[in-house]
Amino acid sequence: MSSVTPAIESEENSDALPDQTLIHIEKLNAWYGDFQAIHDLSLEIPKHKVTAFIGPSGCGKSTLLKWINRMNDVVPGARAKGRLAISGDASNDHAEINVLDPGLDVVGLRRKVGIVFQKPNPFPKSIYDNVAFGPRLHMKTSKSELDELVEWSLQKAAVWDEVKDRLHGPALGLSGGQQQRLCIARAIAVGPEVLLMDEPCSALDPSSTLAIEDLIFELRTQYTIVIVTHNMQQASRCSDKTAFFFEGKLIEAGPTEQLFTRPQQKQTDDYVRGKFG
Amino acid sequence: MSSIPDAIVNQDAKFLTDNAKRRKRLSLWFYFLCVAIALISVVILIVLMVSIWSQGQSRLSTDLLTRAHSELEIERSGMWPAILGSLFVCGTCAVVALPLGVGTAVFLEEFQPTNKLLRWIHGFVQLNISNLAGVPSIVYGLLGLTVFVYMFNVFGQIRVNESAGMEIMGYKHFYQVLTLEPGHVVFVPQSDPTKRQTTFDEPFQAVDPDGNPIKISIWTPGTPKPSDPAIRRQTVRAGAIGGTITERNWYYFRLPFDKSFLSGGLTLALVILPIIIISSQESLRGVPSSLREASMGLGATTWQTVRDVCLPAALPGIMTGSILAMGRAIGEAAPILVVMGAAVAKSSGPKHLMDDAVTMPVLIFNWAGRQQDEFKELSAAAIIVLLVILLLLNSTAIYIRHHVQKAQS
Amino acid sequence: MPLPKALQNREFRSTRSGAFSERLIVISLALCATATVLITVGIIYMLITQSAGFFRSEAVTMSGFLTDTEWTALQSKDLAQAKFGILPLLSGTFRVTLIAMIIALPLGLITAIYLSEFASARIRSWLKPTLEIIAGVPTVVLGYFAILVISPSLQLISDGAFSTFNATGAGIAVGILCLPMVCSLSEDAMRAVPRSLREGAYGLGCTPFETSVKVVVPAALSGIISAFLLAFSRAIGETMVVALAAGTLPTMTLDPTQQAQTMTGFIVEMIKSESEYGTVQYYSLYAVAVTLFAITFLMTLGGQIIRRRFKESYQ
Numbered sequence: 001m002s003s004v005t006p007a008i009e010s011e012e013n014s015d016a017l018p019d020q021t022l023i024h025i026e027k028l029n030a031w032y033g034d035f036q037a038i039h040d041l042s043l044e045i046p047k048h049k050v051t052a053f054i055g056p057s058g059c060g061k062s063t064l065l066k067w068i069n070r071m072n073d074v075v076p077g078a079r080a081k082g083r084l085a086i087s088g089d090a091s092n093d094h095a096e097i098n099v100l101d102p103g104l105d106v107v108g109l110r111r112k113v114g115i116v117f118q119k120p121n122p123f124p125k126s127i128y129d130n131v132a133f134g135p136r137l138h139m140k141t142s143k144s145e146l147d148e149l150v151e152w153s154l155q156k157a158a159v160w161d162e163v164k165d166r167l168h169g170p171a172l173g174l175s176g177g178q179q180q181r182l183c184i185a186r187a188i189a190v191g192p193e194v195l196l197m198d199e200p201c202s203a204l205d206p207s208s209t210l211a212i213e214d215l216i217f218e219l220r221t222q223y224t225i226v227i228v229t230h231n232m233q234q235a236s237r238c239s240d241k242t243a244f245f246f247e248g249k250l251i252e253a254g255p256t257e258q259l260f261t262r263p264q265q266k267q268t269d270d271y272v273r274g275k276f277g
Numbered sequence: 001m002s003s004i005p006d007a008i009v010n011q012d013a014k015f016l017t018d019n020a021k022r023r024k025r026l027s028l029w030f031y032f033l034c035v036a037i038a039l040i041s042v043v044i045l046i047v048l049m050v051s052i053w054s055q056g057q058s059r060l061s062t063d064l065l066t067r068a069h070s071e072l073e074i075e076r077s078g079m080w081p082a083i084l085g086s087l088f089v090c091g092t093c094a095v096v097a098l099p100l101g102v103g104t105a106v107f108l109e110e111f112q113p114t115n116k117l118l119r120w121i122h123g124f125v126q127l128n129i130s131n132l133a134g135v136p137s138i139v140y141g142l143l144g145l146t147v148f149v150y151m152f153n154v155f156g157q158i159r160v161n162e163s164a165g166m167e168i169m170g171y172k173h174f175y176q177v178l179t180l181e182p183g184h185v186v187f188v189p190q191s192d193p194t195k196r197q198t199t200f201d202e203p204f205q206a207v208d209p210d211g212n213p214i215k216i217s218i219w220t221p222g223t224p225k226p227s228d229p230a231i232r233r234q235t236v237r238a239g240a241i242g243g244t245i246t247e248r249n250w251y252y253f254r255l256p257f258d259k260s261f262l263s264g265g266l267t268l269a270l271v272i273l274p275i276i277i278i279s280s281q282e283s284l285r286g287v288p289s290s291l292r293e294a295s296m297g298l299g300a301t302t303w304q305t306v307r308d309v310c311l312p313a314a315l316p317g318i319m320t321g322s323i324l325a326m327g328r329a330i331g332e333a334a335p336i337l338v339v340m341g342a343a344v345a346k347s348s349g350p351k352h353l354m355d356d357a358v359t360m361p362v363l364i365f366n367w368a369g370r371q372q373d374e375f376k377e378l379s380a381a382a383i384i385v386l387l388v389i390l391l392l393l394n395s396t397a398i399y400i401r402h403h404v405q406k407a408q409s
Numbered sequence: 001m002p003l004p005k006a007l008q009n010r011e012f013r014s015t016r017s018g019a020f021s022e023r024l025i026v027i028s029l030a031l032c033a034t035a036t037v038l039i040t041v042g043i044i045y046m047l048i049t050q051s052a053g054f055f056r057s058e059a060v061t062m063s064g065f066l067t068d069t070e071w072t073a074l075q076s077k078d079l080a081q082a083k084f085g086i087l088p089l090l091s092g093t094f095r096v097t098l099i100a101m102i103i104a105l106p107l108g109l110i111t112a113i114y115l116s117e118f119a120s121a122r123i124r125s126w127l128k129p130t131l132e133i134i135a136g137v138p139t140v141v142l143g144y145f146a147i148l149v150i151s152p153s154l155q156l157i158s159d160g161a162f163s164t165f166n167a168t169g170a171g172i173a174v175g176i177l178c179l180p181m182v183c184s185l186s187e188d189a190m191r192a193v194p195r196s197l198r199e200g201a202y203g204l205g206c207t208p209f210e211t212s213v214k215v216v217v218p219a220a221l222s223g224i225i226s227a228f229l230l231a232f233s234r235a236i237g238e239t240m241v242v243a244l245a246a247g248t249l250p251t252m253t254l255d256p257t258q259q260a261q262t263m264t265g266f267i268v269e270m271i272k273s274e275s276e277y278g279t280v281q282y283y284s285l286y287a288v289a290v291t292l293f294a295i296t297f298l299m300t301l302g303g304q305i306i307r308r309r310f311k312e313s314y315q
């Protein structure tokens, strides 16, 4: 309906500073065995913003997300071609990371690019040990430093007040929403730059969902967040940029407000208006 | 065209009710048959327990638990060396089979290859393990006999009363000589272990049975014999012949292993290895993959994931499976019989790594096959002891299963 | 809130040394897995090299081994008089196994049907442990049970027609031993049959009997057959029961009341006799072991392959 509106207009509306691109994706193709899950996809993900991937199931959005920190490595037959790079960063002293480089240090990549899954999956350990799991792998810390780090991460994930009295109690005793925030605390405890979230609220009740969404909004000042979601309201509520995928192709990407109010493509329009998916 | 077929319309009402009745009756009969047959296994178990208890309970005594097998005092024969022997054999078995089995299971479950050729090899190893689980235990016994006991005879043929092969450590050879004082022996360190005996004509250095060094002088027949017992204790007759005696430390080690408890334990390890692998694999498969993803997503390597997440989560299952496998090992007789022989005369537990041993099932087998009623009853009593030990083991396994299930929920 | 010190320091562990130790661990785990392959190779190598000592002997011919109807490796110390025909041992094994299967297969299968289709949770909770206890009874104990209870009862019933050691007593004990195995494997197979199939059958008005026998059992058939094969192979390889209860005389007959030395029984007797290592009689035990291994290996392999197929068809 409003496909005539020029895209330039929306850029004027957004923040004064031009977006800095953190993750560059160019002509990416990905397969599971013989099945091509992603076709020739190019996309830029801005730094310290929330980018949402939306689209019907099987559209390749989760596949793309999992390629960003190479979680697909363990899937037999999964492979990808093209360019997927994370910009160099002086303050985090690393040069540009070419994610698909077979010789890449995947462990280091996953420390910089954390991931939160659909279902809360805390380890069957204490709350403290869950958060300390990553730091213990990656850093040498004294007991007091670790305590500080655990508290900081839990506060960042807005779950500290609820768990501070039972840090050494089992993580599986928490409610679903608390578990998911614990998983976010666990992910940020290793100091990542990017947080990938694969439908983080789909297994939660509405009030927990709201808490997580608020948290996502908070966290974007420090982290670049990519969130995959089925829920279009969620994408419109908490993201800055939205990308719409269909059958392995990127149909449209742009500032969230624009994509939801004035989509350029008919498929996007149909999808955001609930005609399919 | 689409009128209802005759078969549906023209139904004999009487036939229908009769047929339904007949089929229901058949079903009921079948149900009773099932119940009856399922009860048979319960009956079998009860008859087994009762008959063995009534046969063996009269022989359950402290003698049974503290004494050794005796041909002369059949009444007072016991199974203490067999209990010790089983402990040593199964201990060896556990030390070897547990790490090997769990390691294999971890490798097969957690390090699944993505490449086609490796996947094929992986499948082959998996099939091989299921096949090993079906190999009769007596074939493992023969493998143990050939590989551990004789080591394909590369170290020379084993002969009776001769320590064949390569002695590696923990041994001291001595010549043993009688002094002039009756019943008193001294030991002379032997430098050349292949020499069977030696003749003493010159004074020499020796040690007494307590290990103190003493100088031994020679008494030539025809000259006056020393009369002081202390001197006689340090004097031997010229031309005295020393026979070899070997002192073995607990870490005595030689190749081949011969019919030692070590051979037995290693063989049993082969028998239970497939069981441990398969049960550990099943427990690892039960660990939700979301936990693996979480750990990998935090930048843990596969091994770190296994060590910190998968193994702790699968531990109760692995322990239960391992305990059940150990139960199998304790009761296993055939491979032990082949490897260590059927002799039960040993009066103590193993003294060194290469010492032989008797195990409980072999003792039971030996006693059960004898003519004397005393031995038959002793056998039943030994079975009761063995079953009690197995029961304790299995209760531990069940306890672990329930306890941990509760703790994790 | 300030960034915690640990994150300000940004001192992350180098992944280089980690990658090295990781590789070391993977290699050692792979070696564990290789050990299992080595065991198979070891068994086959041993059987071939050691039985070569038997087949190379002038007193032995391959055709004689396969067709002679006498086996006197233990009885004749003189090699010239010794007869090496595997058939009597095979016949003994066959008799004992057949009797064991007559006991174990129907009982195991029907118990499995009962457990998977009819039994309430309460009955399951004590019937399953009963079967597990029977499965955990050491075989030497069942052998003792055979000579203590089964054979005397057989003699009592038949008015002494059975000899003290006989194929039937041993066969029944072996059957008891295989029963839990048949039962649990078949039950697994039947539980894997999807509920919808049963619902479909009940929906058509089938009785519980018809549902289990005409729908569930055929659907689980390959799983049940593989259970039978595995039990068969277990019975053939069973040693202690036959060593105690089946007697020591190799007989070539179909009479279940007679002694029946089996292949495994012969191996035990040979070992017990402590005959000299290296004689043809001694090596003959490896020839018997080859036969035993070949038969059980083929059965287990067949059972495993069928089982895998079955599993795949429902997953």
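Residue numbers (UniProt numbering), protein chains in the order written: chain W, 1 to 277; chain H, 1 to 409; chain X, 1 to 315.
The beta carbon of each residue, even a glycine, is placed where N, CA and C say it ideally should be.
TODO: Starting from the C-beta of residue 302(X), find all residues in its chain whose C-beta is less than 6 Å away, skip the five residues before and the five after it, and write them out in chain order.
DONE: 229
- [ ] Provide the residue span of the alpha helix (DSSP H) that contains residue 264(X), from first to last.
- [x] 263-272
Open item on the list: Rounding to the nearest angstrom, what Cα-Cα distance links residue 111(W) and residue 208(W) in this structure?
Closed with: 26 Å
- [ ] Just the chain H side, please: which residues come within less than 7 Å of residue 138(W) by C-beta, in chain order?
- [x] 299
Task: Span separating the alpha-carbon of residue 36(W) from that of residue 67(W) - done: 14 Å
Open item on the list: Rounded to the nearest angstrom, what separates residue 275(H) and residue 355(H) at their Cα positions?
Closed with: 28 Å
TODO: Output the distance between the C-alpha atoms of residue 118(H) and residue 195(W), rounded to the nearest integer angstrom.
DONE: 34 Å
Task: Which of helix, strand or coil DSSP assigns to residue 278(X) - done: coil
- [ ] Pick helix, strand or coil for residue 349(H), following the three-state DSSP scheme.
- [x] coil
- [ ] Determine the extent of the alpha helix (DSSP H) in which residue 182(W) is found, giving its start and end residues.
- [x] 176-188
Open item on the list: Tell me the DSSP secondary structure of residue 113(W) in three-state form.
Closed with: strand
TODO: Decide if residue 32(H) is buried, meaning its Cβ has at least 16 other Cβ atoms within 10 Å, or exposed.
DONE: exposed
Open item on the list: Give me the chain X residues within the contact set of residue 191(W), using Cβ-Cβ distance strictly less than 7 Å, ordered along the chain.
Closed with: 7
Open item on the list: Quick check on residue 291(H) - is its C-beta less than 8 Å from some C-beta in chain W?
Closed with: yes
TODO: May I ask you to list, following chain order, the residues of the segment 234-250 of chain X that have a beta carbon less than 8 Å from some beta carbon of chain H?
DONE: 234, 236, 237, 238, 239, 240, 243 and 244
Task: Inter-residue Cα distance where the pair is residue 145(H) and residue 261(X) - done: 22 Å
Open item on the list: Please identify the residue among 53(H), 114(H) and 61(H) whose C-alpha is closest to the C-alpha of residue 33(W).
Closed with: 114(H)
TODO: Anything in chain W within Cβ reach of residue 12(X), meaning under 8 Å, just list it in chain order.
DONE: 108, 111, 138 and 139
- [ ] Pull out every residue of the segment 308-322 of chain H whose Cβ sits closer than 9 Å to any Cβ of chain W, in chain order.
- [x] 308, 309, 312 and 313
Task: Inter-residue Cα distance where the pair is residue 341(X) and residue 282(H) - done: Only positions 1 to 315 of chain X appear in this structure, which leaves residue 341(X) out of reach.
- [ ] Compute the beta-carbon to beta-carbon distance between residue 134(X) and residue 190(X), rounded to the nearest angstrom, for a pair I have assumed lies under 8 Å.
- [x] With 8 Å as the limit, residue 134(X) and residue 190(X) do not qualify as a contact, their Cβ atoms being about 20 Å apart.
Task: residue 80(X) (DSSP reduced to helix, strand or coil) - done: helix
TODO: Give the secondary structure of residue 283(X) by DSSP, where H, G and I count as helix, E and B as strand, and everything else as coil.
DONE: helix
TODO: Consult DSSP for residue 394(H) and reduce its assignment to one of helix, strand or coil.
DONE: helix
TODO: Give the secondary structure of residue 315(H) by DSSP, where H, G and I count as helix, E and B as strand, and everything else as coil.
DONE: helix
Open item on the list: Let me make sure I understand the geometry here. Which of 257(H), 105(H) and 215(H) has the alpha-carbon closest to that of residue 413(H)?
Closed with: This structure leaves residue 413(H) out entirely; chain H is present only between 1 and 409.
- [ ] Leaving out five residues on either side along the sequence, give the residues of the same chain with a beta carbon under 8 Å from the beta carbon of residue 282(X).
- [x] 270, 275 and 276
Task: Length of the line joining the Cα atoms of residue 316(X) and residue 76(X) - done: No answer is possible for residue 316(X): the residues shown for chain X start at 1 and end at 315.
Open item on the list: For a contact defined as C-beta to C-beta under 8 Å, what are the partners of residue 24(H) on chain X?
Closed with: 207
Open item on the list: I'd like to know whether the C-beta of residue 10(W) is nearer than 8 Å to at least one C-beta of chain H.
Closed with: A caution first: residue 10(W) carries a pLDDT of 42, below 50, which makes its placement in the model too unreliable to give a value.
Open item on the list: Tell me the rounded alpha-carbon separation between residue 409(H) and residue 184(X).
Closed with: Because the pLDDT at residue 409(H) is just 46, under 50, the model does not fix this residue reliably, and the value given afterwards should be weighed accordingly. Residue 409(H) and residue 184(X): Cα-Cα distance of roughly 27 Å.
TODO: Closer than 6 Å by C-beta to residue 117(X): which residues in its own chain qualify, once you throw out the five before and the five after it? Chain order, please.
DONE: 212
Task: Continuous alpha helix (DSSP H) assignments of at least 4 residues falling wholly in the segment 94-177 of chain H - done: 116-134 and 137-144
TODO: Using a threshold of 8 Å, state whether the C-beta atoms of residue 321(H) and residue 386(H) are closer than that.
DONE: no
- [ ] Taking the CB atoms as reference points, tell me whether residue 243(W) and residue 53(W) lie closer together than 8 Å.
- [x] yes
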